[in-house]
Amino acid sequence: MFQKMFENVRGKNPLIHNITNYVTVNDCANIVIACGASPIMADDKDEVEDITNICDGLNINIGTLNSRTIESMLIAGKRANELGHPVVLDPVGVGASKLRTETALRLLNEIKFTVIRGNISEIKTLAVGSATNKGVDAGIGDRISEDNLDDAICLAKAFAEKTGAVVAITGSVDIVADSQKAYCIRNGHQMMSSVTGTGCQLSAMTAAFVTANPDHVLDATAAAVSAMGYAGEIAYGRMSKQDGNSSYRNYIIDAIYNMTPEDLKKGAKYEVR
Amino acid sequence: MFQKMFENVRGKNPLIHNITNYVTVNDCANIVIACGASPIMADDKDEVEDITNICDGLNINIGTLNSRTIESMLIAGKRANELGHPVVLDPVGVGASKLRTETALRLLNEIKFTVIRGNISEIKTLAVGSATNKGVDAGIGDRISEDNLDDAICLAKAFAEKTGAVVAITGSVDIVADSQKAYCIRNGHQMMSSVTGTGCQLSAMTAAFVTANPDHVLDATAAAVSAMGYAGEIAYGRMSKQDGNSSYRNYIIDAIYNMTPEDLKKGAKYEVR
Amino acid sequence: MFQKMFENVRGKNPLIHNITNYVTVNDCANIVIACGASPIMADDKDEVEDITNICDGLNINIGTLNSRTIESMLIAGKRANELGHPVVLDPVGVGASKLRTETALRLLNEIKFTVIRGNISEIKTLAVGSATNKGVDAGIGDRISEDNLDDAICLAKAFAEKTGAVVAITGSVDIVADSQKAYCIRNGHQMMSSVTGTGCQLSAMTAAFVTANPDHVLDATAAAVSAMGYAGEIAYGRMSKQDGNSSYRNYIIDAIYNMTPEDLKKGAKYEVR
Chain A
3 MFQKMFENVR
13 GKNPLIHNIT
23 NYVTVNDCAN
33 IVIACGASPI
43 MADDKDEVED
53 ITNICDGLNI
63 NIGTLNSRTI
73 ESMLIAGKRA
83 NELGHPVVLD
93 PVGVGASKLR
103 TETALRLLNE
113 IKFTVIRGNI
123 SEIKTLAVGS
133 ATNKGVDAGI
143 GDRISEDNLD
153 DAICLAKAFA
163 EKTGAVVAIT
173 GSVDIVADSQ
183 KAYCIRNGHQ
193 MMSSVTGTGC
203 QLSAMTAAFV
213 TANPDHVLDA
223 TAAAVSAMGY
233 AGEIAYGRMS
243 KQDGNSSYRN
253 YIIDAIYNMT
263 PEDLKKGAKY
273 EVR
Chain B
3 MFQKMFENVR
13 GKNPLIHNIT
23 NYVTVNDCAN
33 IVIACGASPI
43 MADDKDEVED
53 ITNICDGLNI
63 NIGTLNSRTI
73 ESMLIAGKRA
83 NELGHPVVLD
93 PVGVGASKLR
103 TETALRLLNE
113 IKFTVIRGNI
123 SEIKTLAVGS
133 ATNKGVDAGI
143 GDRISEDNLD
153 DAICLAKAFA
163 EKTGAVVAIT
173 GSVDIVADSQ
183 KAYCIRNGHQ
193 MMSSVTGTGC
203 QLSAMTAAFV
213 TANPDHVLDA
223 TAAAVSAMGY
233 AGEIAYGRMS
243 KQDGNSSYRN
253 YIIDAIYNMT
263 PEDLKKGAKY
273 EVR
Chain C
3 MFQKMFENVR
13 GKNPLIHNIT
23 NYVTVNDCAN
33 IVIACGASPI
43 MADDKDEVED
53 ITNICDGLNI
63 NIGTLNSRTI
73 ESMLIAGKRA
83 NELGHPVVLD
93 PVGVGASKLR
103 TETALRLLNE
113 IKFTVIRGNI
123 SEIKTLAVGS
133 ATNKGVDAGI
143 GDRISEDNLD
153 DAICLAKAFA
163 EKTGAVVAIT
173 GSVDIVADSQ
183 KAYCIRNGHQ
193 MMSSVTGTGC
203 QLSAMTAAFV
213 TANPDHVLDA
223 TAAAVSAMGY
233 AGEIAYGRMS
243 KQDGNSSYRN
253 YIIDAIYNMT
263 PEDLKKGAKY
273 EVR
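Line by line, the protein sequences give chains A, B and C. Per my numbering, the very first residue in the first sequence carries number 3; after that it's consecutive. Per my numbering, the very first residue in the second sequence carries number 3; after that it's consecutive. Per my numbering, the very first residue in the third sequence carries number 3; after that it's consecutive.
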């Protein structure tokens with residue numbers, strides 16, 4: 003199934019509109035290309051509606067949000083909803099400031115999201131109103147382990163039920179759930195947390211996957227999450243003694259570029275609960 | 003001739019003011035350094051006039067434009083015109099939104115550009131009002147091949163005639179033309195389209211080349227275009243099996259850094275029409 | 003001493019709020035992670051106070067400043083002062099425009115900085131009102147050599163006395179001074195000036211070092227400066243014939259990632275004056 007999801011991205015080359023932060027935007031653009039889609043970044047309120055019109059899917063990421071771009075997110079998101087385009091939300095750092103929390107809740111209220119992807123602290127903040135996040139990273143108190151995996155799956159399913167979105171919680175184990183079914187994905191490498199924006203990159207790539215597979219949102223999201231994690235494994239395997247997090251960043255994107263759908267099928271590690 | 007153009011960049015180390023998008027800005031800065039010039043990025047309306055005053059050339063790129071930066075582009079462009087500094091326009095994604103199209107046309111109307119560089123869809127949009135562009139990429143219906151090369155050269159010469167600028171259309175074959183003469187440049191590698199911002203990088207580098215060679219704008223632009231393409235070839239030659247578009251991005255900039263003017267002379271592939 | 007400073011960064015993992023430019027922001031985030039701290043980038047006036055509240059230190063960098071972010075810098079800086087958090091100022095390109103000069107002076111007037119880090123032209127502009135800077139780079143007329151090193155040390159100590167901040171002037175020899183004591187640091191490689199933003203990266207890393215060592219600001223700043231220079235040496239040692247400034251950028255961050263506090267102790271080259 004993951005193989006087919008990935009084949010569709012490569013085959014359809016969807017055009018993805020990204021309203022995203024200026025920290026990781028270049029990596030987001032390059033990974034969208036690497037997976038087989040085309041990115042366009044545009045965040046001015048006077049053009050986002052036009053851009054959404056010509057694109058196939060939308061990725062909204064609230065890192066480095068500001069009053070100007072928040073308005074653009076709302077305009078683009080509503081237009082994408084009208085057009086029936088998939089919309090992904092990455093609530094970066096929600097909980098870290100009142101502005102981020104209020105903006106994320108407003109976006110959830112006014113836009114129907116296809117996928118919501120965040121770390122456990124971000125999703126807890128949105129779903130239950132509090133968490134132990136540390137800036138843009140998940141808090142230690144929140145981290146997913148085998149001990150609390152069932153609780154996290156329940157949280158994801160309940161939040162998916164509430165929002166109608168597929169919910170992706172990424173961490174040492176990744177959970178991708180709709181209200182009925184959850185993938186527990188065991189790809190990835192802990193060094194991925196040493197690179198800024200692997201989450202942002204995954205959200206952008208997820209937008210590409212769900213846009214290419216609109217009738218299989220859960221599977222397409224799980225395929226994107228698995229592909230990202232598997233790329234982290236492949237990239238780690240390339241690391242020389244002198245390589246650090248900057249080279250690792252390049253290697254992850256390279257790994258997506260070189261990954262075939264068949265590779266993903268072989269490399270994916272998950273169970274369904 | 004290309005050798006001399008490049009030598010002048012390395013010898014004069016011009017300071018280039020860039021008003022550019024936040025997606026590819028870091029790569030633009032690094033490639034400007036790599037070719038022998040110095041970059042400064044500044045986009046606030048309250049400082050762009052001062053910055054243009056101390057710089058030797060200006061590069062205006064409308065990717066991720068917004069109301070704040072559009073005003074700055076106009077101020078800086080007019081000031082550069084007053085000072086007689088070369089000004090390059092990169093009309094990223096023109097045609098993709100009304101804002102981009104109107105902004106690009108307004109810039110063309112109010113500023114005299116030395117060079118206009120875009121893909122075929124962008125140049126067609128500016129020159130004849132319509133094209134088949136796909137977001138920030140050229141549309142398939144527009145792509146330059148041997149079959150339509152003469153038409154594209156005519157378009158470039160006519161648009162150069164109309165604007166007084168040298169027109170650079172980059173694609174599988176690159177065209178650099180003034181109203182009388184066109185270079186058809188056959189450097190480059192198709193993988194360059196897998197890296198976000200190779201066009202932006204080229205525009206920034208072109209600003210450096212024409213600033214260092216103000217009396218040879220056509221040749222200097224052609225030299226920059228050829229250098230970028232040749233760097234794409236060299237970079238491709240370095241690719242290992244596991245390298246992808248992220249490493250390729252680094253290798254292109256590295257290739258410009260290591261390219262000597264004599265290398266460019268030997269590697270340049272072009273004819274004049 | 004440097005070893006202990008670095009150990010504290012790795013041991014405490016401070017959370018650093020960065021209000022910085024969009025040119026080098028990704029590299030700043032990755033080097034903050036590489037040295038053992040965590041970055042968060044946020045620049046909207048409606049959230050910077052919240053973000054400063056949850057962070058441990060603040061880094062203000064005026065590259066690509068604008069009216070929106072200048073206000074945010076002032077709000078965040080004042081809040082950090084109230085909280086007793088270390089605040090670093092990187093006055094990028096001060097002197098290149100009236101806006102940058104006035105903003106830097108206003109920041110110095112309204113915020114108490116823990117560290118001020120710039121090149122010699124930037125520090126001269128702030129300390130004595132004029133310099134020969136070239137855009138964001140130090141002017142040739144200003145550059146530090148053995149001949150004018152004593153003068154530069156005097157300047158640094160006097161400016162430190164005036165501001166109450168530790169002053170770091172980076173160049174071919176780096177000076178880190180308070181009013182009484184100056185480190186002359188002889189790490190680094192001249193190729194570092196071929197990468198955009200090595201200064202920005204150092205300022206972000208310095209914020210991490212002083213935040214982890216609030217009672218040893220002079221030593222912590224010197225340790226960060228020495229670590230950055232040493233990383234530049236290690237990175238240069240990795241360069242293959244085809245590597246250029248883009249690979250070098252990655253290698254510098256990689257070198258910080260792999261550097262142990264003990265490595266820094268062994269690699270640091272400095273004298274105290």
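For every residue, glycine included, the Cβ atom is placed at its ideal position computed from N, Cα and C.
### Message
I'd like to know if residue 109 of chain B contacts chain A, where contact means its C-beta is closer than 8 Å to some C-beta of that chain.
### Response
no
### Query
From residue 95 of chain A to residue 21 of chain C, what distance separates their C-alpha atoms?
15 Å
### Exposure label - residue 148 of chain A; buried when at least 16 CB within 10 Å
exposed
### Message
Just checking: is the beta-carbon of residue 260 of chain C within a distance shorter than 8 Å of some beta-carbon in chain A?
### Response
yes
### Message
Less than 8 Å between the C-beta atoms of residue 274 of chain C and residue 208 of chain C, yes or no?
### Response
no
### Task
Report the rounded CA-to-CA distance for residue 168 of chain A versus residue 127 of chain C, giving the unit in angstroms.
54 Å
### Task
Kindly list the residues whose CB is nearer than 7 Å to the CB of residue 77 of chain C, restricted to its own chain and excluding five residues on each side of it in sequence; keep chain order.
47, 50 and 51
### Query
Where in the segment 140 to 194 of chain B do unbroken runs of the beta strand (DSSP E), each at least 3 residues long, occur, reported from the N-terminal end onward?
168 to 172, 176 to 179 and 184 to 187
### Task
Kindly give me the distance between the Cβ atoms of residue 181 of chain B and residue 256 of chain A, rounded to whole angstroms, as I take these residues to be in contact under 8 Å.
The Cβ separation is near 43 Å, so there is no contact.
### Task
May I ask you to verify whether the segment 234 to 247 of chain B touches the segment 5 to 14 of chain B, counting CB pairs closer than 8 Å and requiring at least 3?
no
### Query
Going along the chain, which residues of its own chain have a beta-carbon closer than 8 Å to the beta-carbon of residue 136 of chain C, five neighbours each way excluded?
123 and 142
### Task
Could you spell out where the alpha helix (DSSP H) holding residue 41 of chain B opens and where it closes?
Note, residue 41 of chain B: premise wrong, no alpha helix (DSSP H); beta strand (DSSP E) at 40 to 43.
### Query
Is it the case that the Cβ atoms of residue 158 of chain B and residue 133 of chain B are separated by a distance below 8 Å?
no
### Task
Look at the alpha carbon of residue 102 of chain A and the alpha carbon of residue 109 of chain A, and state the distance between them as a whole number of angstroms.
10 Å
### C-beta contact flag for residue 260 of chain C and residue 244 of chain A at 8 Å
yes
### Message
Alpha carbons only, please: which of A:246, A:227 and A:104 is nearest the one belonging to residue 175 of chain A?
### Response
A:227
### Query
By how many angstroms is the C-alpha of residue 234 of chain A removed from the C-alpha of residue 1 of chain B?
Nothing in the structure corresponds to residue 1 of chain B, since chain B is present only between 3 and 275.
### Where the beta strand (DSSP E) through residue 52 of chain C begins and ends
Where residue 52 of chain C is concerned, there is no enclosing beta strand (DSSP E), although the alpha helix (DSSP H) it sits in stretches over 50 to 56.
### Message
Less than 7 Å between C-beta atoms, sequence neighbours within five positions excluded: which residues of the same chain meet that for residue 105 of chain B?
### Response
64, 67 and 72
### Query
Which word fits residue 9 of chain B, buried or exposed, when buried means at least 16 other C-beta atoms lie within 10 angstroms of its C-beta?
buried
#### Entry: Against chain A: residues of the segment 60 to 75 of chain C by CB proximity under 8 Å
70
#### Entry: Per DSSP, cross-strand counterpart(s) of residue 102 of chain A
Note: residue 102 of chain A sits in no beta bridge, so no partner.
### Query
beta strand (DSSP E) containing residue 92 of chain C: first to last residue?
89 to 92
### Expected contact under 8 Å - CB spacing of residue 196 of chain B and residue 250 of chain B to nearest Å
7 Å
### Task
From the DSSP output, in three-state form, read off residue 35 of chain C for me.
helix
### 8 Å Cβ cutoff, residue 44 of chain C in contact with chain B
no
### Query
Quick one: what does DSSP say residue 113 of chain A is sitting in, helix, strand or coil?
coil
### Message
With a threshold of 7 Å (Cβ to nearest heavy atom), would residue 137 of chain A be considered close to the ligand SAM?
### Response
Here there are no bound small molecules, and the ligand SAM is not part of this structure.
### Message
I believe residue 91 of chain C touches residue 125 of chain C by the beta-carbon criterion, under 8 Å. Please report the beta-carbon distance rounded to the nearest angstrom.
### Response
Their Cβ separation, rounded to whole angstroms, is 11 Å, which puts residue 91 of chain C and residue 125 of chain C out of contact at 8 Å.
#### Entry: Exposure label - residue 203 of chain A; buried when at least 16 CB within 10 Å
buried
#### Entry: Beta-carbon gap between residue 263 of chain B and residue 88 of chain B smaller than 8 Å
no
### Rounded straight-line distance, which links the Cα of residue 220 of chain A to that of residue 7 of chain A
10 Å
### Task
Taking C-beta pairs closer than 7 Å, name the residues in chain C that residue 27 of chain B reaches, listed in chain order.
24 and 25
### Task
Quick one: give me the first and last residue of the beta strand (DSSP E) that residue 1 of chain C is part of.
Absent from the model: residue 1 of chain C. The displayed extent of chain C is 3 to 275, so no value can be given.
### Query
Nearest-angstrom Cα distance between residue 177 of chain C and residue 161 of chain C?
12 Å
### Query
What whole-angstrom Cβ distance do residue 210 of chain B and residue 59 of chain B have, given they're in contact under 8 Å?
7 Å
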